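See below for the structure under consideration.
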Amino acid sequence: MDGETLCLTGKVTDCWQPVDGAQENASFYLKDLSIEADASSFVFSGDSAETTDNLSQISGSADADQMSVLISSQKTISQINEMQEIFGKNASALCYLQEDEALPRAGSYVRVFGEVSPFLQATNPGEFDAAAYYRRKDCLFALRKTKITAQTKTYGRLEEFLSQLRYESEVLFRKLLGEKNGATASAMVLGRKKGMDSEVKALYQGAGISHLLAISGLHLSLIGAGLFGLLKKVRLPVALSAGISTWILIVYAQLTGMGISTRRALVMFLLFLAAGLLKRTPDLPTSLAVAALLLLVPKPQRILDAGFQLSFSAVIGIAVMIPVLQDGWEKAAPSLRVANRVTDGVAGWNIARAAIARACRHLRKNILAGLGITMTMLPFLLIHFYEWSPWSVLLNLAVIPLMGILLPCLIGLQLVARLTALAHCLELPQHLLCTAIEAIFSCYEQLCRFTTALPGSILHTGYPTWQALAAYTIGLIALAVSGKKLRPHLRLAAAMCLMGIFLIRLPGELNVTMLDVGQGECVGIETREHHVYLVDAGSTSKKKTGQYQIIPWLKYIGTRSVEGIFITHWDEDHISAVGELLEWSKSSRVKIRRIFLPDVALKDEVLETLLQQIEEANVSVEYLSAGEHMTDGALQISCLHPYAKKVPEDRNDASLVLRLSQGDFQMLLTGDLEKSGEDWLVEQARPATQNPLRCTILDAGHHGASNATGEALLDLAQPGVVLISCGKNNRYGHPAPETLQRLEERGIRWYSTAEVGAIQVQVGKKKVKIKQYIQN
Numbered sequence: 001m002d003g004e005t006l007c008l009t010g011k012v013t014d015c016w017q018p019v020d021g022a023q024e025n026a027s028f029y030l031k032d033l034s035i036e037a038d039a040s041s042f043v044f045s046g047d048s049a050e051t052t053d054n055l056s057q058i059s060g061s062a063d064a065d066q067m068s069v070l071i072s073s074q075k076t077i078s079q080i081n082e083m084q085e086i087f088g089k090n091a092s093a094l095c096y097l098q099e100d101e102a103l104p105r106a107g108s109y110v111r112v113f114g115e116v117s118p119f120l121q122a123t124n125p126g127e128f129d130a131a132a133y134y135r136r137k138d139c140l141f142a143l144r145k146t147k148i149t150a151q152t153k154t155y156g157r158l159e160e161f162l163s164q165l166r167y168e169s170e171v172l173f174r175k176l177l178g179e180k181n182g183a184t185a186s187a188m189v190l191g192r193k194k195g196m197d198s199e200v201k202a203l204y205q206g207a208g209i210s211h212l213l214a215i216s217g218l219h220l221s222l223i224g225a226g227l228f229g230l231l232k233k234v235r236l237p238v239a240l241s242a243g244i245s246t247w248i249l250i251v252y253a254q255l256t257g258m259g260i261s262t263r264r265a266l267v268m269f270l271l272f273l274a275a276g277l278l279k280r281t282p283d284l285p286t287s288l289a290v291a292a293l294l295l296l297v298p299k300p301q302r303i304l305d306a307g308f309q310l311s312f313s314a315v316i317g318i319a320v321m322i323p324v325l326q327d328g329w330e331k332a333a334p335s336l337r338v339a340n341r342v343t344d345g346v347a348g349w350n351i352a353r354a355a356i357a358r359a360c361r362h363l364r365k366n367i368l369a370g371l372g373i374t375m376t377m378l379p380f381l382l383i384h385f386y387e388w389s390p391w392s393v394l395l396n397l398a399v400i401p402l403m404g405i406l407l408p409c410l411i412g413l414q415l416v417a418r419l420t421a422l423a424h425c426l427e428l429p430q431h432l433l434c435t436a437i438e439a440i441f442s443c444y445e446q447l448c449r450f451t452t453a454l455p456g457s458i459l460h461t462g463y464p465t466w467q468a469l470a471a472y473t474i475g476l477i478a479l480a481v482s483g484k485k486l487r488p489h490l491r492l493a494a495a496m497c498l499m500g501i502f503l504i505r506l507p508g509e510l511n512v513t514m515l516d517v518g519q520g521e522c523v524g525i526e527t528r529e530h531h532v533y534l535v536d537a538g539s540t541s542k543k544k545t546g547q548y549q550i551i552p553w554l555k556y557i558g559t560r561s562v563e564g565i566f567i568t569h570w571d572e573d574h575i576s577a578v579g580e581l582l583e584w585s586k587s588s589r590v591k592i593r594r595i596f597l598p599d600v601a602l603k604d605e606v607l608e609t610l611l612q613q614i615e616e617a618n619v620s621v622e623y624l625s626a627g628e629h630m631t632d633g634a635l636q637i638s639c640l641h642p643y644a645k646k647v648p649e650d651r652n653d654a655s656l657v658l659r660l661s662q663g664d665f666q667m668l669l670t671g672d673l674e675k676s677g678e679d680w681l682v683e684q685a686r687p688a689t690q691n692p693l694r695c696t697i698l699d700a701g702h703h704g705a706s707n708a709t710g711e712a713l714l715d716l717a718q719p720g721v722v723l724i725s726c727g728k729n730n731r732y733g734h735p736a737p738e739t740l741q742r743l744e745e746r747g748i749r750w751y752s753t754a755e756v757g758a759i760q761v762q763v764g765k766k767k768v769k770i771k772q773y774i775q776n
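Under the UniProt record's numbering, the sequence shown has 356 at position 356, and the numbering climbs by one with no breaks.
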């Protein structure tokens with residue numbers, strides 16, 4: 001299916017035009033899909049698409065090349081038809097245009113052809129699962145290098161207007177505010193996070209204010225309530241004010257993509273307006289339940305979406321936990337008493353006392369409100385992001401009120417900038433708005449940098465265990481039901497202790513995980529005491545494997561420091577991600593303590609560059625040779641190769657060979673060591689009283705190549721299982737048939753990351769479990 005060419009017809013929706021003009025990144029969704037299996041219905045009309053009233057009117061014959069294109073796609077048609085049966089009429093495809101194509105009009109029907117590209121499935125713990133994400137959006141696959149061959153004259157006028165408005169607004173933001181601030185403004189107002197500065201995005205996420213970038217209840221309530229109140233002030237009838245506000249909010253929701261949190265907020269705001277018109281008191285739990293039903297009945301799978309879980313849990317916190325936490329505080333700690341203490345003995349300070357009392361009440365109320373929302377969101381934050389910023393509760397006290405100024409300024413800037421072309425007298429207001437917006441963005445960044453520099457700014461908890469989730473859920477329900485019976489101070493202490501459940505880390509088992517990094521190598525080791533080591537970190541088939549595979553796994557297991565990275569040798573497929581890890585270590589405060597290298601007399605430019613990166617990151621380097629050992633609790637790590645100051649033939653011959661041992665468990669990791677190095681190992685091991693090569697599990701040398709994992713090593717090591725790290729359909733043919741034959745002749749089970757994804761070895765007291773991430 002991957003890479004085959006397919007011809008489709010369908011309706012164009014959700015067009016995205018990149019502001020940098022890179023057409024290969026322009027995309028749209030194709031809905032109401034129909035697969036063109038008959039070559040006689042396929043027409044290519046030269047450089048531009050044919051325009052017609054109805055796609056069914058197009059007919060003609062295809063040339064030989066077009067015929068072969070369609071015949072090759074026959075292999076995928078049955079698979080896609082099966083997927084369409086599962087997803088029903090809502091099934092869609094995400095089309096990325098080829099470089100010289102223009103976006104079709106939104107709402108039009110088109111015939112396209114392009115290369116089928118399935119969404120990537122996660123193959124490692126913590127890795128983003130694009131296949132599952134798009135499956136929840138009913139999107140079957142991506143179509144790369146899409147060419148439009150026919151397009152109807154009719155199109156959705158409102159959809160096309162909003163598409164153009166979205167693009168023009170994004171261009172305008174970047175023109176007036178600069179690339180960085182303009183991209184942030186586009187995310188906040190238009191929901192367009194593509195093209196946002198990666199540093200700013202990471203800063204907002206690390207500080208815990210990334211919710212400002214999601215169009216949700218905060219945005220809709222500011223716009224909807226503000227507009228509704230303004231229309232009432234100009235003495236429009238309440239029903240007319242509500243109608244206008246409703247229409248504008250629906251259009252705005254469509255403009256921003258109508259995400260799940262947007263839909264939830266829109267439904268709840270409409271129910272709020274309806275309650276006012278009917279002179280009823282709006283009920284938050286009822287509104288939330290109605291919104292959940294409207295979202296889940298047509299698509300039950302939405303309940304698994306992170307946006308759904310975080311959005312609804314936040315509102316549950318508002319409805320349930322905030323009243324519990326805020327109850328009784330006025331009697332327990334009267335604000336006026338605090339104000340009296342501050343101004344005691346100072347004449348004429350009665351007004352100041354009242355102001356201080358109000359400020360204290362307001363501050364306490366907002367802190368408790370932030371805490372209540374965080375309590376219900378926390379499990380979902382940790383399930384999806386594996387870390388949490390406790391300072392975000394206080395940071396939101398500043399950023400959310402500023403949002404009440406920022407959002408109207410951003411919308412006002414769009415209006416004023418468009419009118420400035422007609423009336424130059426508006427240039428001053430435009431300049432003032434830009435100055436105010438830039439000042440708030442700067443304030444946001446400084447506040448984020450300040451909070452992320454504080455102690456405990458990021459708590460690395462990892463994916464929560466089911467025991468922690470169960471204990472937290474029971475405690476949260478108990479606090480919600482019976483919390484008001486406790487004194488306010490005890491209630492607050494109980495809430496803090498409850499959140500601390502996720503910080504508890506009991507001793508576990510030794511876990512060794514061979515990550516799927518494609519054609520490369522990375523083995524992660526987590527000891528009983530949750531100390532973490534890596535053996536190699538690189539790939540030649542996957543880009544940014546540190547960012548997309550290794551770091552997500554480190555976050556998933558709750559890594560608070562990396563005790564050491566063993567680099568077996570410095571080929572690219574073993575070190576390409578080391579630089580990414582060193583950079584991440586600086587920003588995340590996950591310290592990398594040491595890096596281990598083989599002690600050999602071989603230096604080259606690649607090694608010098610690597611050593612410079614390590615030095616700049618202020619990480620110490622240690623060199624290992626045969627006979628050296630280190631222990632971490634019950635785990636012993638022994639170096640078996642190379643011998644000190646060896647002069648290797650090449651980098652592979654310089655490979656570190658490590659032996660992990662704990663109790664009756666042993667694992668041998670041989671890097672890219674080939675036959676000559678293995679023969680030396682065997683010669684050294686045979687005279688020994690205790691066989692140092694004997695192992696439970698063997699990491700196949702050189703990714704399962706035919707010139708490694710030889711017969712002599714296998715006969716002496718006698719592994720029960722062999723793990724092979726290699727890329728799917730790699731050009732080297734790894735694992736080699738000769739290697740697999742040697743394993744099968746000896747009855748040795750083998751696992752390959754290319755087939756089963758990450759391979760986890762759990763070492764218990766009595767037995768060893770092997771888990772594959774992808775279950776066949």
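Beta carbons are placed, not taken as given, at the ideal position from N, Cα and C, and that holds for glycine. Computed from a predicted model, the values in this text were never measured in an experiment.
>> I'd like to know if the stretch 536-543 and the stretch 561-579 are in contact, where contact means that at least 3 CB-CB pairs between them fall below 8 Å.
In response: Result yes; three or more Cβ-Cβ pairs closer than 8 Å.
> From leucine 6 to alanine 423, what does the alpha carbon distance come to, in whole angstroms?
Replying inline: Rounded to the nearest whole angstrom, the CA to CA distance from leucine 6 to alanine 423 is 51 Å.
>> Quick check: what's the CA-CA separation for methionine 667 versus arginine 135?
In response: Cα to Cα, the separation comes out at about 38 Å.
> At what residue ranges does the stretch 346-403 contain a whole run of the alpha helix (DSSP H), taking only runs of 4 or more?
Replying inline: Within the stretch 346-403, the complete alpha helix (DSSP H) segments of 4 residues or longer fall at 350-385, listed in chain order.
> Going along the chain, which residues of its own chain have a beta-carbon closer than 8 Å to the beta-carbon of glutamate 674, five neighbours each way excluded?
Replying inline: Hits under 8 Å: Asn652, Asp653, Gly701, His702, Ala705, Asn707 and Ala708.
> If you count every other CB in all the chains shown that lies within 10 Å of the CB of tryptophan 247, and 16 or more means buried, which is it?
Replying inline: Flag for tryptophan 247 reads exposed.
>> Which residue wins for smallest C-alpha separation from proline 648, given the options Val600, Ala421 and Met268?
In response: Considering only alpha carbons, the answer is Val600.
> Roughly how many angstroms lie between the CA atoms of leucine 278 and threonine 13, to the nearest whole one?
Replying inline: Cα-Cα distance, rounded: 36 Å.
> In or out: glutamate 605 buried (at least 16 other Cβ within 10 Å) or exposed?
Replying inline: Looking at its Cβ environment, which holds fewer than 16 other Cβ atoms inside 10 Å, glutamate 605 is exposed.
> Which stretch, first to last residue, makes up the alpha helix (DSSP H) that contains tyrosine 167?
Replying inline: Counting along the chain, the alpha helix (DSSP H) containing tyrosine 167 begins and ends at 157-190.
> Can you give the Cα-Cα distance for isoleucine 525 and valine 324, rounded to whole angstroms?
Replying inline: Across the structure, isoleucine 525 and valine 324 are spaced so that their CA atoms are roughly 43 Å apart.
> Is the beta carbon of isoleucine 148 sitting closer than 7 Å to the one on valine 110?
Replying inline: Yes, the pair counts as a contact, with Cβ atoms nearer than the cut-off.
> Which runs of the beta strand (DSSP E) fall wholly inside the stretch 96-141 and span at least 3 residues, in chain order?
Replying inline: Runs of the beta strand (DSSP E) spanning 3 or more residues and lying entirely within the stretch 96-141 occur at 109-117, in chain order.
> Going by DSSP, what residues sit across from glutamine 254 in a beta bridge?
Replying inline: Paired residue(s): none; glutamine 254 is not in a bridge.
>> DSSP three-state label for serine 27, please.
In response: Note: serine 27 maps to strand in three-state DSSP.
> Nearest to lysine 645 by CA position, among Lys603, Leu607 and Met630, is which residue?
Replying inline: That would be Lys603, whose Cα lies nearest to the Cα of lysine 645.
> Under a Cβ-count criterion, where at least 16 other Cβ atoms within 10 Å of its own Cβ denotes burial, should phenylalanine 42 be classed as buried or exposed?
Replying inline: Confidence is the limiting factor: at phenylalanine 42 the pLDDT is only 41, short of 50, which leaves the residue's position unreliable and the question unanswerable from this model.
> Could you give the C-beta distance for phenylalanine 28 and leucine 103, rounded to a whole number, given that I count them as a contact under 8 Å?
Replying inline: Contact check for phenylalanine 28 and leucine 103: beta-carbon distance about 6 Å, within the 8 Å limit, so the pair qualifies.
> Between which two residues does the alpha helix (DSSP H) harbouring leucine 288 extend?
Replying inline: Secondary structure note for leucine 288: its alpha helix (DSSP H) is the uninterrupted segment 284-296.
> Going by alpha carbons, who is nearest to leucine 177 out of Gly276, Leu97, Glu199 and Ile437?
Replying inline: It is Ile437.
>> Relative to the C-alpha of leucine 510, which candidate in Arg528, Ala495, Val517 and Gln519 has its C-alpha closest?
In response: Leucine 510 has its Cα closest to that of Arg528, out of Arg528, Ala495, Val517 and Gln519.
> In angstroms, rounded to a whole number, what distance separates the CA positions of glycine 46 and leucine 534?
Replying inline: Its pLDDT being 39, under 50, glycine 46 is placed unreliably by the model, and nothing is read from it.
> Is methionine 188 buried or exposed, if buried means 16 or more other CB atoms sit within 10 Å of its CB?
Replying inline: Within 10 angstroms of the beta-carbon of methionine 188 lie 16 or more other beta-carbons, which makes it buried.
>> Whole angstroms are fine: how far does the CA of arginine 280 sit from the CA of glutamate 159?
In response: Glutamate 159 and arginine 280 have their C-alpha atoms some 35 Å from each other.
> Taking contact to mean at least 3 C-beta pairs separated by less than 8 Å, is the stretch 723-737 in contact with the stretch 745-754?
Replying inline: Because the criterion of three Cβ pairs below 8 Å is met, the stretch 723-737 and the stretch 745-754 touch.
> Is it right to say valine 590 is buried, meaning 16 or more other beta carbons lie within 10 angstroms of its own, or is it exposed?
Replying inline: Residue burial annotation: valine 590 is buried, with at least 16 other C-beta atoms found within 10 angstroms of its C-beta.
>> My output table needs one value for cysteine 7: the three-state DSSP class, helix, strand or coil.
In response: In this structure, cysteine 7 counts as strand in the three-state DSSP scheme.
>> Give me the DSSP bridge partner(s) of methionine 630.
In response: Paired residue(s): Ile637.
>> Do proline 598 and leucine 656 have their beta-carbon atoms positioned less than 7 Å apart in this structure?
In response: For the pair leucine 656 and proline 598, the CB atoms are nearer than the 7 Å cut-off.
> Starting from glutamate 445 and walking both ways along the alpha helix (DSSP H), at which residues does that stretch end?
Replying inline: Glutamate 445 -> alpha helix (DSSP H) spans 427-453.
> Which value, in whole angstroms, describes the spacing of the CA atoms of alanine 758 and tyrosine 548?
Replying inline: Their Cα atoms are separated by approximately 14 Å.
> Going straight from the alpha carbon of glutamate 427 to that of threonine 420, what length do you get?
Replying inline: Answer to the nearest angstrom: the Cα atoms are 6 Å apart.
> How many whole angstroms separate the CB atoms of alanine 577 and glycine 546, which I take to be in contact at a CB cut-off of 8 Å?
Replying inline: Alanine 577 to glycine 546, Cβ: 3 Å. Contact.
> Can you give the Cα-Cα distance for glycine 633 and glycine 317, rounded to whole angstroms?
Replying inline: Glycine 633 and glycine 317 have their C-alpha atoms spaced approximately 42 Å apart.
> Start and end of the alpha helix (DSSP H) containing arginine 263?
Replying inline: 260-277 is the extent of the alpha helix (DSSP H) around arginine 263.
> How would you call leucine 515, buried or exposed, if buried means at least 16 neighbouring beta carbons within 10 angstroms?
Replying inline: In the assembly as shown, leucine 515 is a buried residue. Its beta-carbon has 16 or more other beta-carbons within 10 Å.
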